[in-house]
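Below is one structure, written out as C-alpha cells, with a few remarks after it.
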Amino acid sequence: MPGATIACVICNQPARAAPVFADFLHFDCTACGQFRASASFIEQAKDLPMDARRQALQNAVVRAQYGAMSVVTTYDVP
Ligand SMILES: [Zn+2]
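Numbering of the sequence shown is given in my numbering, commencing with residue 18 and proceeding in unit increments.
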C-alpha cells in the first residue's frame, strides 16, 4: 500500500497510512487491522485515553456493514 509510516491513531504503534478522499486517512496497522479515520477523529484522539480510542475503533467495526471498511469518526468516541 502506498503511503507513509506514522503512529497508528488508535494504538500509537508504527502503521502505514495514506489519505483517502479529503478528510480521511486509511490506516494499515499490524495490531488494529485496516480502517479509516476522519481528520476530526484524529485531531480529537490526541486528547483521548487509549481505552477510548480502542472503543471508538470497535464501535466503527460494529457499525460498518459486512465487507465494508470501518470508518472511525468522532461519533464513535464513547
Ligand atoms: Zn493500531
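Ideal Cβ positions, reconstructed from N, Cα and C, are used throughout, including at glycine.
Hey, quick one: how far does the alpha helix (DSSP H) through residue i stretch, first residue to last?
| i | result |
| --- | --- |
| residue 68 | 67-80 |
Tell me the rounded alpha-carbon separation between residue i and residue j.
| i | j | result |
| --- | --- | --- |
| residue 83 | residue 55 | 20 Å |
| residue 30 | residue 24 | 5 Å |
| residue 20 | residue 46 | 12 Å |
| residue 75 | residue 91 | 13 Å |
| residue 63 | residue 28 | 11 Å |
Among the options, which residue has its Cα nearest to the Cα of residue i?
| i | options | result |
| --- | --- | --- |
| residue 40 | 29, 46 and 58 | 58 |
| residue 35 | 76, 28 and 22 | 22 |
| residue 72 | 60, 50, 95 and 85 | 95 |
| residue 44 | 91, 86 and 66 | 86 |
| residue 77 | 60, 63, 49 and 65 | 49 |
(request) Just jot down, in chain order, the residues whose CB lies closer than 5 Å to any heavy atom of ligand 1. (result) 25, 27, 28, 46, 48 and 49
(request) Within the segment 24-64, note down every full alpha helix (DSSP H) run reaching 4 residues or more, in order along the chain. (result) 56-62, all fully within the segment 24-64.
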